[in-house]
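Those sequence lines, one after another, are chains A and B.
Using the numbering used here, read the first sequence as starting at 1 and increasing by one per residue.
Using the numbering used here, read the second sequence as starting at 1 and increasing by one per residue.
We treat Cβ as the ideally placed atom computed from N, Cα and C, and that holds for glycine.
Below you'll find the structure, written out as structure tokens, and then a few comments.
Number of protein chains: 2
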Amino acid sequence: MNPIAITDLMAALNWRYATKSFDAGKKIPQDVMDALLDALVLAPSSFGLQPWKFIVVADPALRAKLQPDSWDQPQVTQASHLVVLAVRATLTAAQVDEWLARLAEVRGVTLESLADYRGRMTRFLDGMDDAQKFAWASRQAYIALGQLMTCAALLGVDSCPMEGLSPQAYDEALALPDSGYRTVVACALGYRSAEDKYALVPKTRYERARVVEFR
Amino acid sequence: MNPIAITDLMAALNWRYATKSFDAGKKIPQDVMDALLDALVLAPSSFGLQPWKFIVVADPALRAKLQPDSWDQPQVTQASHLVVLAVRATLTAAQVDEWLARLAEVRGVTLESLADYRGRMTRFLDGMDDAQKFAWASRQAYIALGQLMTCAALLGVDSCPMEGLSPQAYDEALALPDSGYRTVVACALGYRSAEDKYALVPKTRYERARVVEFR
Chain A
1 MNPIAITDLM
11 AALNWRYATK
21 SFDAGKKIPQ
31 DVMDALLDAL
41 VLAPSSFGLQ
51 PWKFIVVADP
61 ALRAKLQPDS
71 WDQPQVTQAS
81 HLVVLAVRAT
91 LTAAQVDEWL
101 ARLAEVRGVT
111 LESLADYRGR
121 MTRFLDGMDD
131 AQKFAWASRQ
141 AYIALGQLMT
151 CAALLGVDSC
161 PMEGLSPQAY
171 DEALALPDSG
181 YRTVVACALG
191 YRSAEDKYAL
201 VPKTRYERAR
211 VVEFR
Chain B
1 MNPIAITDLM
11 AALNWRYATK
21 SFDAGKKIPQ
31 DVMDALLDAL
41 VLAPSSFGLQ
51 PWKFIVVADP
61 ALRAKLQPDS
71 WDQPQVTQAS
81 HLVVLAVRAT
91 LTAAQVDEWL
101 ARLAEVRGVT
111 LESLADYRGR
121 MTRFLDGMDD
131 AQKFAWASRQ
141 AYIALGQLMT
151 CAALLGVDSC
161 PMEGLSPQAY
171 DEALALPDSG
181 YRTVVACALG
191 YRSAEDKYAL
201 VPKTRYERAR
211 VVEFR
């Protein structure tokens, strides 16, 4: 693996900002979008459990319907792509077994050899109620969100993370309840409009000494 | 901003894995570590509020003390660096004002011009109790965790996210309670040991069609 240059990484991180206005005419090329979906698929999650589903909303009518459920933010309809990050409404031993079956298949090992791992996962899940499980799974989705936004910037794609939405309205519009998943957060992806004044304001962060400490 | 090649991005994402055994003799060079700390500082957060602190634990005695509080995982002491991600125990209007003061300073605008933004933030925070605020802030920390692991891989640095720890024990060992922050998660950073058998097992994920849906 050849590392990229530090300067290229910093340039991308500094170029990224929460894009408020997208150029509705510019679409993300298929190979770039495929890479971003792979970045979601490859995102790390605790125990490798991947308690998530990523829904790419392409239908313009559906996106128009979602905009009022998203504090009326225009990114929902203007951006090239809208990705909704959803996670399991609950987590069960059956899901652990589904995951272990996949692991055994890919790694070519027996389920018996994964018994200890299974025990650690099920004991961990048994210690939580449904609300705690959903909170835990939601945090995992935010790892995927972080990886998605970082990768988008590196590929020259703008993004806007969107917490300001009605999860219930999204669930209903996307027909999620039957699937056992619930909306956590969304992310608009595309290209900044030349008119987005937020692209020009200086990036503002607390100074490093304010947020990083050494022990 | 020059995008990196898709192949370089995918190579890094596929190279990354949750490193179980680090080479204790290999340290991350200062310029690379500085870039990773900048990646944390530049991580996106809701409202830009950065409700976090990143604690780099360097003292070997402190890391030895933390290992039993981390399911005795050897990464805590073997990895080149251990970063603890902590967030505010609560979120207050005073913190919003601190953030707005920084924003006004960097952007060269008046506080008055940020009044609407202030109202949106304080109304959002007022709608949550302390537990909900902590859960919300914790999710933001997971964005930073995601960005950190992605950037580490791109720079050829191995990482291991660590949820399996006692936040209370970490808080006490790091003297966090007085600062108003609480431990959420940690991340070990360094270089994989040649003996880590997990480096060689095939990366396992559900198939894309299983986790990505189109609407």
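Margin query: Let's test the definition: count the other Cβ atoms within 10 Å of the Cβ of A/Trp52 and tell me whether it reaches 16, buried, or not, exposed.
Written below: buried
Item checked: Residue burial classification, A/Leu111 (beta-carbon count within 10 angstroms, cutoff 16) -> exposed
Check: What does A/Ser46 reach in chain D if we use C-beta pairs closer than 7 Å?
Finding: Among the protein chains of the structure shown, namely A and B, there is no chain D.
Next item on the list: Spell out the partners DSSP gives B/Lys53 in its beta bridges.
Entry: B/Ala86
Next item on the list: Could you have a look at A/Glu213 and say whether DSSP puts it in helix, strand or coil?
Entry: strand
Checklist line | Start and end residues, beta strand (DSSP E) containing B/Pro161 | finding: Asp158 to Met162
Checklist line | Per-residue contacts from A/Glu213 into chain B (C-beta, under 8 Å) | finding: Lys53, Phe54, Ile55 and Val56
Checklist line | 7 Å Cβ cut-off: residues of chain A touching B/Met1 | finding: Ala11, Ala12, Trp15 and Gly156
Check: Does the beta-carbon of A/Tyr198 have 16 or more other beta-carbons within 10 angstroms, so that it is buried, or is it exposed?
Finding: exposed
Check: Going by beta carbon distance, what residues of the same chain come within less than 8 Å of A/Asp69, once the five residues before and after it are set aside?
Finding: Leu165, Ser166, Ala169, Tyr170 and Ala173
Checklist line | Inter-residue spacing [alpha-carbon to alpha-carbon] between A/Arg16 and A/Ser113 | finding: 44 Å
Margin query: Quick check on DSSP: helix, strand or coil for B/Arg192?
Written below: strand
Check: How many whole angstroms separate the CB atoms of A/Gln132 and A/Ser45, which I take to be in contact at a CB cut-off of 8 Å?
Finding: With a Cβ gap of about 16 Å, A/Gln132 and A/Ser45 do not count as contacting.
Checklist line | Nearest neighbour of A/Leu189, chosen from A/Trp99, A/Ile55 and A/Asn2 [CA to CA] | finding: A/Ile55
Next item on the list: Out of A/Val84, A/Glu195 and A/Val109, state which residue places its alpha-carbon closest to the alpha-carbon of A/Val184.
Entry: A/Val84
Check: Taking Cβ to Cβ, would you say B/Gln67 is nearer than 7 Å to B/Val76?
Finding: yes
Check: Any Cβ of chain A within less than 7 Å of the Cβ of B/Gln73?
Finding: no
Margin query: Is A/Pro60 close to chain B? Criterion is C-beta to C-beta, closer than 7 Å.
Written below: no
Note to self: Assuming A/Leu176 and A/Pro161 are in contact, meaning their beta carbons sit under 8 Å apart, how far apart are those beta carbons, in whole angstroms?
What the structure shows: Going by Cβ atoms, the distance from A/Leu176 to A/Pro161 rounds to 19 Å, so no, they are not a contact pair.
Notebook entry, point to check: With a cut-off of 7 Å, does the C-beta of A/Ala35 fall near any C-beta of chain B?
Noted result: yes
Notebook entry, point to check: In chain order, what residues of the same chain lie with their CB nearer than 8 Å to the CB of B/Tyr63, ignoring the 5 residues before and after it?
Noted result: In the sequence as presented, Tyr is not what sits at residue 63 of chain B; that position holds Arg. Only Val57, Val76, Thr77 and Leu82 meet the Cβ criterion.
Notebook entry, point to check: Which same chain residues, not among the five before or five after A/Ala43, have their C-beta less than 7 Å away from its C-beta?
Noted result: Ile143, Ala144 and Gln147
Margin query: So, under 8 Å CB-CB, B/Tyr210 and A/Val201 are touching, yes? Tell me the CB distance rounded to an integer number of Å.
Written below: Note on residue identity: the sequence assigns Arg, not Tyr, to residue 210 of chain B. B/Arg210 to A/Val201, Cβ: 41 Å. No contact.
Next item on the list: Give me the Cα-Cα distance between A/Ala39 and A/Lys26, rounded to the nearest whole angstrom.
Entry: 21 Å
Note to self: Which same chain residues end up closer than 6 Å to A/Met149 when comparing Cβ atoms and leaving out the 5 residues on each side of it in sequence?
What the structure shows: Ser159
Note to self: Considering only DSSP beta bridges, list what A/Thr183 is partnered with.
What the structure shows: A/Ala86
Checklist line | Backbone secondary structure at B/Ala18 - three-state DSSP | finding: strand
Next item on the list: Select from the segment 133 to 159 of chain A all residues with a C-beta closer than 9 Å to any C-beta belonging to chain B, and list them in chain order.
Entry: Ala135, Trp136, Ser138, Arg139, Gln140, Ala141, Tyr142, Ile143, Ala144, Leu145, Gly146, Gln147, Leu148, Met149, Thr150, Cys151, Ala153, Leu154, Leu155, Gly156, Val157 and Ser159
Next item on the list: Compare the C-alpha of B/Asp72 against each of B/Ser21, B/Asp8 and B/Leu13 and name the closest.
Entry: B/Ser21
Next item on the list: Could you round the C-beta distance between A/Leu9 and B/Leu154 to whole angstroms and report it? I think they count as a contact, below 8 Å.
Entry: 6 Å
Next item on the list: For the alpha helix (DSSP H) holding A/Ser216, just list the boundary residues, first then last.
Entry: Here chain A comprises residues numbered 1 to 215, so residue 216 of chain A is not present and cannot be evaluated.
Margin query: Between A/Ile28 and chain B, is the shortest Cβ-Cβ distance under 7 Å, so that the two count as touching?
Written below: no
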